[in-house]
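Residue numbers for the sequence shown follow the UniProt record's numbering, so the first one is 1 and each next one is one higher. All C-beta atoms, glycine included, are put in the ideal place defined by N, C-alpha and C. Heads up: the structure comes next, in structure tokens.
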Amino acid sequence: MAVPTLHVVATPIGNLSDLTPRALETLRTVDAICAEDTRRTGQLLSHFGLSTPLLALHEHNEEAIAARIVTRLQQGQSLALVCDAGTPLVSDPGYRLVRAARAAGIRVSPVPGACAAIAALSVAGLPSDRFVFEGFLPARPSARREHLRTLVSEPRTLVFYESSHRIAESLADLVAVFGAQRPAAIARELTKLFETVLDGQLAALLAQVEADENQRKGEFVVMVQGATADADARLAEGRRVHALLKDHLPPSTAARLAAEITGAPRKALYGG
């Protein structure tokens, strides 16, 4: 008899041919599928001729229904967990259910496949031996800039998700905080018809996105190369100079002058 299992199943991020044979068989044979958006997952199942029952599990109800799903597993059922696209739990709900299932002694098994962050990193041409996944940046500009300032000295490649209606604003903040010359890459609509991957310095990428409306459409993965020793040195010197100036000048003026003197990103100093 098969062991009751919660299968964490990766689904395509665009190209439906990326659904693996193992994932397809899992989705066909489980008792039910826990889906972030049952309508979207229903379309995927319909494309492959599957009729497996769907359960809605999203950020608003996950905590409330996780116990009921675990009960079904304990009663001998096997279930699948999927998100709208890609690998579940990567900037998507699901960890509470996985944690509850594991705490109950239920077998949890990954069915690997597409992941936008990893797919983007593989084609970016940026250092990928060490990287940090940051998910979506805060929506509010002030909170976004404050968060970016905490990352300006991070030596590992940074990976962000971003939406079409904030991509230009987020890139502008990256330029301001990380500096115009920091190497970066933008992957848009990966595996889909209008897939593009742009690379270059942050300021140049911002200019490309602002100049081409099509480059502001779709789903984005933004990757920024980590700080080098030189960048760290500039930032440290900028903060030293800024600390000397801010007691005698308005904060914005002190940050601007410290940035001009040292080459450190101004917004990394202002409020830092």
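Cutoff 6 Å; reference residue i; Cβ partners in own chain excluding five residues on either side
i      : result
Ala254 : His242, Leu245 and Lys246
Ala231 : none
Glu187 : A quick correction: the sequence has Ala, not Glu, at residue 187. The residues are Ala120, Val197 and Val221.
Beta-carbon separation (whole angstroms), residue i vs residue j, contact threshold 8 Å
i      : j      : result
Glu154 : Gly226 : 6 Å
Phe136 : Ser91  : 6 Å
Ile13  : Ala124 : Incorrect: roughly 16 Å between the Cβ atoms, too far for contact.
Thr52  : Arg28  : 7 Å
Leu97  : Met223 : Not quite, the Cβ-Cβ distance comes to about 29 Å (not below 8 Å), so this is no contact.
Ala100 : Ala67  : 7 Å
Val221 : Ala104 : About 34 Å separates the two Cβ atoms, so there is no contact after all.
Leu57  : Pro93  : 7 Å
Per-residue burial, residue i [other beta carbons within 10 Å of its own, 16 or more giving buried]
i           : result
Leu193      : exposed
Pro88       : buried
Thr41       : buried
residue 275 : Look at the range of the chain in this structure, 1 to 272, and you will see that residue 275 is not part of it.
Ala64       : exposed
Gly49       : exposed
Glu213      : exposed
Thr262      : buried
Arg130      : exposed
Pro251      : exposed
Thr26       : buried
Arg102      : exposed
Ala229      : exposed
Ser170      : buried
Leu44       : buried
Residue i versus residue j: straight-line alpha-carbon distance, rounded
i      : j      : result
Arg256 : Ala236 : 15 Å
Phe133 : Val159 : 5 Å
Gly218 : Arg140 : 20 Å
Ser85  : Thr191 : Contrary to the premise, residue 85 reads as Ala rather than Ser in this sequence. Ala85 and Thr191: Cα-Cα distance of roughly 12 Å.
Leu174 : Ile118 : 21 Å
Leu55  : Arg156 : 38 Å
Arg72  : Ser46  : 25 Å
Ala185 : Thr150 : 20 Å
Glu59  : Thr20  : 26 Å
Ala116 : Glu195 : 12 Å
Pro138 : Ala2   : 43 Å
Leu148 : Ser142 : 10 Å
Residues near residue i in its chain [Cβ-Cβ closer than 7 Å; skip 5 each side]
i      : result
Ala233 : none
Leu269 : Gly238, Arg239, His242, Ala255, Ala258 and Ala259
Gln208 : Leu198 and Gln215
Arg266 : Ala176, Ala255, Arg256 and Ala259
Glu210 : Ala168
Val152 : Val177, Phe178, Ala227, Leu235, Pro265 and Ala268
Beta-carbon proximity list for residue i, same chain, < 8 Å, skipping 5 on both sides
i      : result
Asn15  : Thr191 and Lys192
Glu62  : Pro93, Gly94, Arg96 and Leu97
Ala172 : Leu206
His248 : Ala254
Thr38  : Leu54, Leu55 and Ala56
Requested in this report: Would you check if there are 3 or more beta carbon pairs closer than 8 Å linking the segment 201-211 to the segment 175-182?
Outcome: Flag = yes, the segment 201-211 and the segment 175-182 touch.
Query raised in the report: At a cut of 8 Å, does the segment 31-44 reach the segment 77-84 through at least three beta carbon pairs?
Result: The answer is yes - the segment 77-84 touches the segment 31-44, with three or more Cβ pairs under 8 Å.
Query raised in the report: Taking one C-beta from the segment 103-121 and one from the segment 5-15 each time, how about it: are there three or more such pairs within less than 8 Å?
Result: Yes, they touch.
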